[in-house]
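Chemist: Here it is, the structure, as structure tokens.
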Amino acid sequence: MARSADEILDIVDERDRVVGQAPRGEAYARRLRHRAVFVLARDPSGRIFVHRRTAQKLVFPSRYDMFVGGVVGAGETYDEAARREAEEELGVTGLPAPTPLFRFLYETPEHTWWSAVYEVCCATPVDPQVEEVAWHAFLTDEELAGRLTEWAWVPDGLAAYHRLLERRPAASRCRGGQVPPPSADS
781 MARSADEILD IVDERDRVVG QAPRGEAYAR RLRHRAVFVL ARDPSGRIFV HRRTAQKLVF
841 PSRYDMFVGG VVGAGETYDE AARREAEEEL GVTGLPAPTP LFRFLYETPE HTWWSAVYEV
901 CCATPVDPQV EEVAWHAFLT DEELAGRLTE WAWVPDGLAA YHRLLERRPA ASRCRGGQVP
961 PPSADS
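The sequence shown begins at 781 in my numbering and counts up one residue at a time.
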């Protein structure tokens, strides 16, 4: 299901505490801090789902992304949003609960949101949501690294990916349909 500009979001402060609510379109237009999830989806071979966003997206249209995800709805938890967004964008059901990795505050002059980063193993064939995904493929970590300077990426996803690499430079692998938990230094 595509999310609309009228979807109600929790507005949060610099410490990620809810201070109000607003429609998504207003949150973007007025640069109101809200919440978002980023889910790195890997297939059982450890390849990463990479896609190009559709031209109709509210933010970062037609850009490439190595995460699926989106905004956290009002009253929704990060964990609930991570699973919902991953299943919607990948076009699958019954996904295991994504593994939470870390959170960070993404801020630019145009945008601000608290970002929760997750990883999940998607062992079933994907059927991406056409309203969200214009193109997709599963790439190895090396293939993705080779395209980081070649393709136009969503800036928030790129920021999340660089933070992920700093925390865990080695690729994780899906084992039994699950992503192993982060190491102690993550």
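For every residue, glycine included, the Cβ atom is placed at its ideal position computed from N, Cα and C.
Mapping the DSSP letters down to three states, classify E890 as helix, strand or coil.
Modeler: Within the sequence shown, the letter at position 110 stands for residue 890. Three-state DSSP puts E890 in coil, outside helix and strand.
Chemist: So who's on the other strand from A816, going by DSSP bridges?
Modeler: Against the sequence shown, residue 816 aligns to sequence position 36. Paired residues: V851 and S895.
Chemist: Quick one: give me the first and last residue of the alpha helix (DSSP H) that P935 is part of.
Modeler: As a first step, residue 935 must be located in the sequence shown, where it is residue number 155. Element bounds for P935: P935 to R947.
Chemist: Could you pull out every residue in the same chain whose Cβ sits closer than 8 Å to the Cβ of G871, ignoring the five residues on either side in sequence?
Modeler: Residue numbering aside, residue 871 sits at position 91 when the sequence shown is read from its first letter. Closer than 8 Å at the Cβ level, and outside the excluded window around G871, lie V906, D907, P908 and Q909.
Chemist: In the DSSP assignment, what are the bridge partners of V900?
Modeler: Here residue 900 corresponds to residue number 120 of the sequence shown, with the count starting at 1. DSSP, once it has assigned bridges, lists A821 as partnering V900.
Chemist: In angstroms with no decimal places, state the Cα-to-Cα distance between E794 and V934.
Modeler: To locate residue 794, count along the sequence shown from 1; it is residue 14. To locate residue 934, count along the sequence shown from 1; it is residue 154. Each residue's Cα considered, the two are about 22 Å apart.
Chemist: Where R947 and V830 are concerned, what is the direct C-alpha to C-alpha distance, given to the nearest angstrom?
Modeler: Counting from 1 along the sequence shown, the entry for residue 947 is found at position 167. Counting from 1 along the sequence shown, the entry for residue 830 is found at position 50. Cα-Cα distance, rounded: 20 Å.
Chemist: If you measure between the beta carbons of G800 and L838, is that distance less than 9 Å?
Modeler: The sequence position of residue 800 within the sequence shown is 20, counting from 1. The sequence position of residue 838 within the sequence shown is 58, counting from 1. In this structure, L838 does not lie closer than 9 Å to G800 by Cβ.
Chemist: Could you have a look at A862 and say whether DSSP puts it in helix, strand or coil?
Modeler: To locate residue 862, count along the sequence shown from 1; it is residue 82. Reduced to three states, the DSSP call for A862 is helix.
Chemist: Determine, using beta-carbon pairs with one atom in the stretch 845-860 and one in the stretch 814-821, whether at least three such pairs fall under 8 Å.
Modeler: Judged by Cβ distances under 8 Å, the stretch 845-860 makes contact with the stretch 814-821, as three or more pairs qualify.
Chemist: Give the secondary structure of A802 by DSSP, where H, G and I count as helix, E and B as strand, and everything else as coil.
Modeler: For the purposes of this step, residue 802 is taken as the residue at position 22 of the sequence shown. Looking at A802 - three-state DSSP - the assignment turns out to be strand.
Chemist: Quick check on DSSP: helix, strand or coil for L875?
Modeler: Taking the first residue of the sequence shown as position 1, residue 875 is located at position 95. Correct three-state label for L875: coil.
Chemist: Output the distance between the C-alpha atoms of D790 and L885, rounded to the nearest integer angstrom.
Modeler: Translated into the one-based positions of the sequence shown, residue 790 becomes position 10. Translated into the one-based positions of the sequence shown, residue 885 becomes position 105. In a straight line, the C-alpha of D790 is about 15 Å away from that of L885.
Chemist: Do the CB positions of I828 and L928 come within less than 9 Å of each other?
Modeler: The sequence position of residue 828 within the sequence shown is 48, counting from 1. The sequence position of residue 928 within the sequence shown is 148, counting from 1. Not a contact, by the Cβ cut-off of 9 Å.
Chemist: Which value, in whole angstroms, describes the spacing of the CA atoms of D859 and A809?
Modeler: Your numbering for residue 859 matches position 79 in the sequence shown. Your numbering for residue 809 matches position 29 in the sequence shown. Approximately 26 Å, taken between the alpha carbons.
Chemist: Of all the options A917, E923, V792 and D823, which has the alpha carbon lying nearest to the alpha carbon of V852?
Modeler: Taking the sequence shown and counting its residues from 1, the one referred to as residue 852 is at position 72. When each option's Cα is compared against that of V852, the closest is V792.
Chemist: With a cut-off of 8 Å on the beta carbons, I'd call P878 and V913 a contact; round off their distance for me.
Modeler: Taking the first residue of the sequence shown as position 1, residue 878 is located at position 98. Taking the first residue of the sequence shown as position 1, residue 913 is located at position 133. Not quite, the Cβ-Cβ distance comes to about 18 Å (not below 8 Å), so this is no contact.
Chemist: With A914 as the anchor, note down where its beta strand (DSSP E) starts and where it stops.
Modeler: Position 134 of the sequence shown, counting from 1, holds the residue named residue 914. It spans V913 to L919 - the beta strand (DSSP E) in which A914 sits, taken as one unbroken run.
Chemist: Please state whether DSSP places R797 in a helix, a strand or coil.
Modeler: As a working note, residue 797 is residue 17 in the sequence shown. Of the three classes helix, strand and coil, the one that applies to R797 here is coil, per DSSP.
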